[in-house]
Amino acid sequence: MRIAKVSLPRYKKNLRTVVFEGGASVKLHEEVVERRGLAEGSEVSELDLEGLKDESSRREARDYSLLLLGYRTLSQNALKERLRRRGYAVKVIDGVLEELKAMKLLDDAGLARSMAESRLKGALVGAARVRSDMLRRGIPRETADSALAEANRDPGNEVPSEEERAYQLAARRAKQMRTDARTAYRRIYGYLARRGFPPDTIDRALARISARRREKEEMEREDDRD
């Protein structure tokens, strides 16, 4: 097959339209065209053309991946799903993922560590909530659990303990409530549960709140007696 001309399409400026004698045409990635030296008069066999299409598809998938990663850090599974929905073949997707991992642009462990540290320290949520967020973003459970354990273990991260985070939230919530103790207890319990804290941690946090309230009431009674 002899190439009649190579032109720039109106859209998708990273592609080139390769037109063969006889009228058949194919769009190939510009890097493939330049690297293979495809130009008017070049001969391309049917077998070579299939290889060029595969290589071009991989380059397009890589460009699309870089565009997505420029907006937001993605897990390997999340990016894989985006590429699958885009219609790329499995072998193309696998090749691109390996290329991006080699470039350090895909790092599930790093993403998990970053989420664990920022959410546990800044958002005051339970580990279960953070784990759920990680899983929704495609991070494997084992990687998520490892990152959470590391964040809680490393004193340099300045991450409050699970109980301390629950207590801080409970204390903050208690100050905003103008209800009886029983109602406040029930509402705070539900609030902490929705934030991903386990029952035993919630119980300890609320016990501290109750103890602090009793201590405050006792001090007020002593002041009244004086």
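Per this note's numbering, residue 18 is the first one in the sequence shown, and the count goes up by one each step. Glycine included, C-beta positions come from ideal geometry on N, C-alpha and C.
Secondary structure note for I110: it is in no beta strand (DSSP E), and the uninterrupted alpha helix (DSSP H) holding it is 107-119.
Of all alpha-carbon atoms in E115, S135, G58, L223, the one lying nearest the alpha-carbon of A198 is that of L223. For the options R76, A129, R146, the alpha carbon positioned closest to that of L117 is the one of R76. Following the DSSP letters along the chain, one finds R33 in no alpha helix (DSSP H) but inside the beta strand (DSSP E) bounded by residues 32-37. The C-beta separation of R33 from V50 comes to about 5 Å, placing the pair in contact by the 8 Å criterion. DSSP lists R33 as the bridge partner or partners of L45. Per the coordinates, the alpha-carbon of Y88 lies some 30 Å from the alpha-carbon of P177. T200 is classed as exposed because its beta carbon has fewer than 16 other beta carbons within 10 Å across all chains shown. In this model, R204 and R101 are separated by some 43 Å (Cα to Cα). For I156, the secondary structure class from DSSP, reduced to helix, strand or coil, is coil. The closest CA to that of D220, considering only Q193, L186, R170, M236, is found on L186. Across the set R153, A119, L84, V113, the C-alpha of R153 shows the shortest separation from the C-alpha of M132. Under a 10 Å Cβ-count criterion, K108 is classified as exposed, with fewer than 16 other Cβ atoms of the shown protein chains found around its own Cβ. When C-alpha distances from I20 are compared across R53, K29, R231, A228, the shortest belongs to R53.
Taking a C-beta distance under 7 Å as the contact criterion, D124 and S92 do not qualify as a contact pair.
Per the Cβ contact rule, the stretch 137-145 is not in contact with the stretch 63-76 (fewer than 3 Cβ pairs under 8 Å).
With fewer than 16 other CB atoms across the displayed protein chains lying within 10 angstroms of its CB, R211 is exposed. Taking all protein chains in view, the Cβ of S82 is crowded by 16 or more other Cβ atoms within 10 Å, so the residue is classified as buried. For S59, no beta strand (DSSP E) run applies, since DSSP gives it neither H nor E. Contact between M151 and A183 is absent: CB atoms are separated by about 20 Å, not below the 8 Å threshold.
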